[in-house]
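In the working numbering, the protein residues as written are 406 to 468.
Read through the structure below, which is laid out as C-alpha cells, and then see the notes.
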Amino acid sequence: MVEDRELHCIICGEHKAEGEGIRIVSEFICETCESEMVHTDVKDAKYPFFIHQMKQIFIEKNA
Ligand SMILES: [Zn+2]
Numbered sequence: 406m407v408e409d410r411e412l413h414c415i416i417c418g419e420h421k422a423e424g425e426g427i428r429i430v431s432e433f434i435c436e437t438c439e440s441e442m443v444h445t446d447v448k449d450a451k452y453p454f455f456i457h458q459m460k461q462i463f464i465e466k467n468a
C-alpha cells in the first residue's frame, strides 16, 4: 500500500504526490524541479532563484 500524500513543492509551488520528488528537511521538491536544478548551470539566470528558494528552507528552520 502506497500512501500518495500530496506535497507542496517549494520551488514551483505545485502539489505533487510524495513519490514524485525528494524531501529536504521538512520541505519538498518535485522531480521536475529537482532535475531542472541538476541541469541548471551556475551561470544560468535561474540558478540564483533556486538558491533563493532553497535558502528559505533553512532560514525557516533557524528562525
Ligand atoms: Zn516543483
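Note that beta-carbon positions come from the ideal geometry of N, C-alpha and C, so glycine has one too.
Remember, predicted model here, so these are calculated numbers, not experimental data.
Cβ-based burial, residue i [other Cβ within 10 Å; buried from 16]
i: I456; result: exposed
i: K421; result: buried
Ligand 1 heavy atom lying under 7 Å from the CB of residue i
i: E419; result: yes
i: I416; result: yes
i: T445; result: no
i: I462; result: no
i: I429; result: no
Inter-residue Cα distance where the pair is residue i and residue j
i: E419; j: D446; result: 23 Å
i: I464; j: V430; result: 12 Å
Contact under 8 Å by Cβ, residue i with residue j
i: K425; j: E436; result: Lys is not the amino acid found at residue 425; the sequence shown has Glu there. Going by C-beta atoms, E425 is nearer than 8 Å to E436.
i: E432; j: I462; result: yes
i: I416; j: I434; result: yes
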